[in-house]
Amino acid sequence: MSMITTFMQVYVFVLAGFVGFQVISRVPALLHTPLMSAANAITGISLVGSLVAAGSGRGLASNILGSIAVACATINVVGGFLITDRMLKMFQRPGAKK
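Just so we're aligned: 94 in our numbering is position 91 of the sequence shown, and the numbers increase by one with no gaps anywhere.
Written out as structure tokens, the structure reads:
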């Protein structure tokens with residue numbers, strides 16, 4: 004794999020991280036609850052994409068960056084579902100059993 008290809012992979016990875024951070028940080032706090040299920044679905048899609056990148060066999064940089072993406076997306080999916088579960092518990096009646 005050429006040096007330019009490796010550089011482009013790192014460039015896309017850093018750019019995607021920056022854009023993702025900017026998008027998430029600009030969402031107002033009141034919109035986090037309604038957007039949580041959509042965010043979980045999008046993160047699930049990015050998890051599948053990162054698995055493809057990690058297992059593509061296109062070189063060491065692709066495998067490392069793909070593995071990092073898998074770890075980050077997995078943490079995001081699990082955290083999203085935990086937060087969604089906690090929010091749903093807030094709307095249950097005090098005496099209701101699960």
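Note that beta-carbon positions come from the ideal geometry of N, C-alpha and C, so glycine has one too. Remember, predicted model here, so these are calculated numbers, not experimental data.
{"query": "Backbone CA spacing between residue 92 and residue 62 [nearest angstrom]", "result": "45 Å"}
{"query": "Inter-residue Cα distance where the pair is residue 58 and residue 41", "result": "26 Å"}
{"query": "Collapsed DSSP secondary structure at residue 95 in the structure displayed", "result": "coil"}
{"query": "Cβ neighbour criterion (16 or more within 10 Å) applied to residue 65", "result": "buried"}
{"query": "CB contact flag (residue 12, residue 68, <8 Å)", "result": "yes"}
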